[in-house]
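Enquirer:
Residue numbers (UniProt numbering), protein chains in the order written: chain A, 1 to 420; chain B, 1 to 371.
1. What does residue 98 (chain B) touch in chain A if you count any residue whose Cβ is under 7 Å from its own?
2. If residue 376 (chain A) and residue 393 (chain A) are in contact, beta carbons under 8 Å, what's the gap, nearest whole angstrom?
3. With DSSP as the reference, identify every bridge partner of residue 18 (chain B), one or two as the case may be.
4. Return the first residue and the last residue of the beta strand (DSSP E) that residue 246 (chain B) is part of.
5. I want to verify the contact list: residues of chain B whose CB lies under 8 Å from the CB of residue 325 (chain A), in sequence order.
6. What in chain A is Cβ-close to residue 92 (chain B), meaning under 7 Å?
7. Tell me the residue span of the alpha helix (DSSP H) that contains residue 241 (chain B).
8. Apart from the five residues on each side of it in sequence, which residues of its chain come closer than 7 Å, Cβ to Cβ, to residue 171 (chain B)?
9. Would residue 67 (chain B) pass as a contact of residue 217 (chain B) if the rule is Cβ separation under 8 Å?
10. Which partner residues does residue 261 (chain B) have in the DSSP bridge list?
11. Is it buried or exposed, residue 187 (chain A), if we count other Cβ atoms within 10 angstroms and call 16 or more buried?
12. Is the beta carbon of residue 312 (chain B) less than 8 Å from the beta carbon of residue 246 (chain B)?
13. Would DSSP call residue 131 (chain B) helix, strand or coil?
14. For a quick check, are the C-beta atoms of residue 296 (chain B) and residue 354 (chain B) less than 8 Å apart?
15. Using a Cβ-Cβ cut-off of less than 7 Å, list which residues of the segment 50 to 71 of chain B approach chain A; keep chain order.
16. From A:285, A:349, A:279, pick the residue whose C-alpha is nearest to that of residue 403 (chain A); which is it?
17. Does the CB of residue 231 (chain A) have a neighbour CB from chain B at under 8 Å?
18. Rank A:142, A:289, A:267 by C-alpha distance to the C-alpha of residue 369 (chain A) and give the top, closest one.
19. Tell me, please, whether the CB atom of residue 320 (chain A) is closer than 8 Å to any CB atom in chain B?
20. Pull up the DSSP beta-bridge partners for residue 197 (chain B), would you.
21. Please classify residue 82 (chain B) as buried or exposed, where buried requires at least 16 other C-beta atoms within 10 Å of its C-beta.
22. Since residue 335 (chain A) meets chain B, which of its residues come closer than 7 Å, beta carbon to beta carbon?
23. If I follow the unbroken beta strand (DSSP E) through residue 105 (chain A), where does it start and stop?
24. Quick one: list the residues of chain A neighbouring residue 155 (chain B), beta-carbon separation under 9 Å, in chain order.
25. Under 7 Å between beta-carbons, which chain B residues line up against residue 305 (chain A)? List them in chain order, please.
26. Just the Cα atoms here: how many angstroms apart are residue 242 (chain A) and residue 337 (chain A)?
27. Please return the same chain residues whose Cβ sits closer than 8 Å to the Cβ of residue 104 (chain B), not counting the five positions on each side in sequence.
28. Please classify residue 35 (chain B) as buried or exposed, where buried requires at least 16 neighbouring CB atoms within 10 angstroms.
29. CB-CB under 8 Å to residue 334 (chain A), same chain, minus the five flanking residues each way: which ones, in chain order?
30. DSSP on residue 92 (chain A), reduced to helix/strand/coil?
31. Does residue 88 (chain B) come within less than 8 Å of chain A when only Cβ atoms are used?
32. I'd like to know whether the C-beta atoms of residue 12 (chain A) and residue 23 (chain A) end up nearer to each other than 8 Å.
33. For residue 328 (chain A), return the contacting residues in chain B, with the cut-off set at a CB-CB distance below 9 Å.
34. Using DSSP bridges, identify the partner residues of residue 368 (chain A).
35. Among B:86, B:37, B:73, whose alpha-carbon lies nearest the alpha-carbon of residue 57 (chain B)?
36. Can you give me the start and stop residues for the beta strand (DSSP E) that residue 315 (chain B) sits inside?
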């Protein structure tokens, strides 16, 4: 082969083909195999995770009703100067749209959407649609007929709402989820105090998640330390106890907490039987109950990453620090603790993110003041069938979580997070 | 040296120390040991022999079940480990991974509340001692095992303790680096004049570095002596077998005359040997002779003991050849022959004349005696 290896000519394999081409083909084959192995999961994730999230995000700004069911009105109202009432043509288009909507039975879709902006719009649309088609004599004004039908048609406010929603997207749901509303100029402003709700719910969600995470870390750290430093046989038993909650469904665990914590529950009757308390403590259906049950459910998520990190720290570090003259407590803080931060941080982040989206425990064990964002997502999905609001709340939750993760990884360093 | 009064130059003294982990068996049986000031003492023994436990009791990480340990005359039993002011080097280095080399070295100094400039100066000096000045700002994870061990050594010395303990510090290094570090540690010990207690199971390491070696077995020191004495004059067959290579011949004492005795082997031959630790006539004994003390054929002529042996195997080592012989009904008797003295006509199956001097074969106990 050495005679073929001149300095300038590209190297070739024994059969004369370029080495580079051969190598590229070999690599491509390997890559294809790797892709083929990953493909099923990637496809699964795409269909069940990424696509739904994308749809969720789209739903939160989606505004199809007016533009789909009042197409002619939407087209005409675009030319309106937003002063006074819209032109004859807009009213005529509205009459035609409502007639078609009546035939196609889509009136309720329109009225439900418009009613979100001005209450009473639902009845206005439905009553007017019932009178369609209008019989307009030559020379008569459609506008006058509409106003005669219901004087609210003469109120420009209602037409502003139609004009605002004659677009395929709207910030309305996102604004509402943040207690904002859109001014006529299109800028957001804070809703009046009595209409605000979601900011405090988001605040409450963050606050409760923070406390649950903090309590879990404080309780979980010593357990993880104990687990990591016990002889193998005992630590295996303890590990089974830590994992035990994973083997029962969350619903069952919450139900058993209700049994334990309620007014006539085991804990209250035991404490009263022992004479420690005179009247039952309020433990369930308030924040105490939610904290107790959620900490219990989420504790393993702190313990396991912390344990795996602690397990990898040889005891000689502490011995070395002590032999160098440091007091055992000081050595713990200066030498042992910093090495566990990565694992504890990973566990805390896990718990915090899970808390942010937790639904069932607060729903069953909390009162109205303990409901978190996910409760309202469920409420809008199941009770009022308002997909826009549900999607907007979900999207904001996602954004809040990702922001926190970004801040967190900036502080701790994402590459230092360790799940073991 | 009296048993209960420490020698005047002793820095550390163990008196009647016993240690049990389970309340049923003693891992350290009865330890009386004086470690002299400025001495390099190695505790050598197989795993489970109690050597590491002794070190840990001295460091304060284990408490003696019985007996007392003194450092510089002060009773240590109730002094917690962080107040003992003893430097320690661990097998896995135990450098703090989240601190740089300089921070690791500054750690014991900060605890001792030294001011910044003094700390910087001492850290620099300690790094210079192990020739790592350039790596002060590296993290341990970015360094090789040998470099990490040097930092660990510097850290154990930087606060100038009078005693430094080393628990198999070179166990994780490869052979070449280990031999290099052995010399480096030895030189540091010589230049600083500190007292070092070194634990290892590697006899080569022990012989190379130490002023004295204490050979441990079953929680008892079998022999404590300078390296050459241990090698040349082991007091029992455990020490003879544990240190260096050794051939053992079993037999029965038939006559004792002063420093010498006569031993009859199972095959009937009588061997003259130095009487070291034997019973009366008629009792069994095992004799120990180093492979390099055995002479062959013509060289054996002048020896007091001469036997016939069958050559069963050649093992080539480059600078020397080992011959495996069957002798007096025993197999596996090794002889070391320098390549220059090898007779090229020898082949396996040949009968050779084998001989050795009576002073080179030591009649020791028959079974390993626990004192």
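We put the beta carbon where it would ideally sit given N, CA and C, even for glycine.
Quick caveat, the model's predicted, so the values are computed rather than measured.
Expert: Looking at the atomic coordinates:
1. 338, 339
2. 6 Å
3. According to DSSP, which records beta bridges pairwise, residue 18 (chain B) is partnered with B:66.
4. Element bounds for residue 246 (chain B): n/a, residue is neither H nor E.
5. Under the 8 Å cutoff, chain B gives 82, 83, 85, 108, 111, 112, 159.
6. 314, 316
7. 237 to 242
8. 91
9. no
10. Residue 261 (chain B) is bridged to B:256, B:273.
11. exposed
12. no
13. Coil.
14. Going by C-beta atoms, residue 296 (chain B) is nearer than 8 Å to residue 354 (chain B).
15. 59, 61
16. A:349
17. no
18. The alpha carbon of residue 369 (chain A) has as its nearest neighbour, out of A:142, A:289, A:267, the alpha carbon of A:289.
19. yes
20. Residue pairing of residue 197 (chain B) in beta bridges, as defined by DSSP: B:41, B:165.
21. So residue 82 (chain B) ends up on the buried side.
22. 96
23. Per DSSP, residue 105 (chain A) belongs to no beta strand (DSSP E) and is neither H nor E.
24. 320, 324
25. The contacting residues do not exist; residue 305 (chain A) stays about 18 Å from chain B at best.
26. 22 Å
27. 95, 96, 140, 151, 155
28. buried
29. 321, 326
30. helix
31. Flagged as an interface residue toward chain A: residue 88 (chain B), by a C-beta distance shorter than 8 Å.
32. At a Cβ-Cβ threshold of 8 Å, residue 12 (chain A) and residue 23 (chain A) do not count as neighbours.
33. 80, 81, 82
34. BP columns for residue 368 (chain A) are empty, so no partner.
35. B:86
36. 305 to 316
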